[in-house]
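Trainee: I'd like to ask you about the structure that follows.
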Amino acid sequence: MNNLAVEVENMGREFRTRGRSGGRQAVLKALDGIDLEIRPGELFGLLGPNGAGKTTLIKILCTLLLPTSGRALVSGIDVATEPHRVRERINMVSGGEHSGYGILTVREHLWLFSQLYGVPTRTARRRTDELLEALGLLAEADQKIAMLSTGMRQKMNLIRGFVCDPLILFLDEPTLGLDVQVAREVRTVIRSWLAASPEKTVLLTTHYMAEAEILCDRVAIISRGRVLACDTPENLKQRLDHEVVYRVETDLILEPGDPFRDVAGVRRFGAEHKAGAGTTRFMVIMDRGSEVTGVVERLERMGKQVRAVNRAEPSLEDVFLHIVGRTIGEDEDAPGH
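Residue numbers (our numbering): 765 to 1101.
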């Protein structure tokens, strides 16, 4: 008997595209031999740049796409051959998704989706009220959806995911675009739901490394359709035991290229540009024992003022940069560092 919540074996997914002039078809390999095991009770994170294949994988597990090769089991059920049985056990919430029917109230919308899952009305109403209260949305329960703010709509979407009490919940960037306080409330509800139901499982994709580090029992790092690493956040951070991490803040640098080419000791670097503040923050991974002075001198020779240099404890963000070669905010097509 299969005891895994999710099992993916050598799974591939290809998309065929035709040029504008109707010429020869091109094959886009979105997933390339994915292997993955998620245990019941886990909050499992899936991390990768835009275009890495995360959403494609979740759509297959939710029976919205078929794999081109390999197979995927959800709660021991093949997603390709028995999709209806899978759907009875799962739900999915995506960040920034369309928020239902604007003419319905929040409570009406949630009741409608509970009925699609066959939840008894009394149970659905009890769960809805509990979740509305937990997410601070009870006062808006009888408002039309069209009148809600973006944060309120995303809270409602999350409640829709929980109201059917799925065995496995897929959360595709559930805090995307939310302010800090609302995102914190969403994370609290996710943790509370899992704590109350040890047999439940959550598969989370997120662009927020701190969110994954706080929430996830294990994470898989995916790039170009392949899983490059899978472990607990703490074990992954141990991969940087022989390196040291620096945060270097400078004037805004938007020029392409590799500013640290040939700088002794530099293994990897990533950049976060903050145009509004007029700054760029570099994450620089260096061999242990190497001096960061070479990095500072190179930036100063470029005519950039170095505003701050700090040595940092390795984070999951640094591990991602080390393994993938770019930050999570960079698309797969961005040039590597």
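In this text, a Cβ means the ideal position worked out from N, Cα and C, and glycines have one as well.
Can you tell me whether residue 1034 is helix, strand or coil according to DSSP?
Mentor: strand
Trainee: Let me check one thing: in DSSP terms, what residues is residue 986 bridge-paired to?
Mentor: Residue pairing by DSSP places residue 986 opposite 991 in a beta bridge.
Trainee: Okay, do the stretch 863-877 and the stretch 889-899 touch, 3+ Cβ pairs below 8 Å being the bar?
Mentor: yes
Trainee: Taking the CB atoms as reference points, tell me whether residue 933 and residue 808 lie closer together than 8 Å.
Mentor: no
Trainee: Let me check understanding here. Comparing Cα to Cα, which of 908, 834, 1047 and 974 lies closest to residue 948?
Mentor: The shortest C-alpha separation from residue 948 is found at 974.
Trainee: What three-state label does DSSP hand residue 970 in the structure shown?
Mentor: coil
Trainee: So, does the stretch 984-1000 touch the stretch 1044-1057, judging by three or more C-beta pairs under 8 Å?
Mentor: no
Trainee: If you measure between the beta carbons of residue 857 and residue 921, is that distance less than 8 Å?
Mentor: yes
Trainee: Based on the DSSP secondary-structure assignment, which residues constitute the bridge partners of residue 816?
Mentor: Note: residue 816 sits in no beta bridge, so no partner.
Trainee: Based on Cα-Cα distance, which residue from 1053, 902 and 1072 lies nearest to residue 916?
Mentor: 902
Trainee: Rounding to the nearest angstrom, what Cα-Cα distance links residue 1093 and residue 1010 in this structure?
Mentor: 18 Å
Trainee: Would you report the Cα separation of residue 798 and residue 984, rounded to the nearest angstrom?
Mentor: 11 Å
Trainee: Does the stretch 1054-1067 touch the stretch 1012-1021, meaning 3 or more C-beta pairs lie closer than 8 Å?
Mentor: yes
Trainee: Among the candidates 845, 1086 and 851, whose CA atom is the shortest distance from the CA of residue 882?
Mentor: Among 845, 1086 and 851, the Cα nearest to that of residue 882 belongs to 851.
Trainee: Taking the beta strand (DSSP E) that residue 793 belongs to, which residues open and close that run?
Mentor: First-last of the beta strand (DSSP E) with residue 793: 789-802.
Trainee: Under 8 Å, do residue 1052 and residue 1008 count as touching if we go by C-beta distance?
Mentor: yes
Trainee: Mind checking residue 998: buried by the 16 CB within 10 Å criterion, or exposed?
Mentor: Counting of Cβ neighbours within 10 angstroms places residue 998 among the exposed residues, the total staying below 16.
Trainee: Does the beta-carbon distance from residue 816 to residue 775 come in below 8 Å?
Mentor: no
Trainee: Report the rounded CA-to-CA distance for residue 880 versus residue 1039, giving the unit in angstroms.
Mentor: 46 Å
Trainee: Give the list of continuous beta strand (DSSP E) stretches no shorter than 3 residues that lie fully inside the stretch 916-957.
Mentor: Those beta strand (DSSP E) runs which fall completely within the stretch 916-957 and span 3+ residues are 932-936.
Trainee: Just confirm the distance between the C-beta atoms of residue 801 and residue 846, as a whole number of angstroms; I'd bet it's less than 8 Å.
Mentor: Not really, about 20 Å apart at Cβ, beyond 8 Å.
Trainee: What residue from 1072, 1025, 1032 and 957 has the CA that sits closest to residue 1081's CA?
Mentor: 1032
Trainee: Which same chain residues, not among the five before or five after residue 978, have their C-beta less than 8 Å away from its C-beta?
Mentor: 951
Trainee: Would residue 825 and residue 795 be called neighbours here (beta carbons separated by less than 8 Å)?
Mentor: no
Trainee: Hey, does residue 1032 have any beta-carbon neighbour from chain B nearer than 8 Å?
Mentor: Although the question refers to chain B, the structure presented lacks it and comprises just one protein chain.
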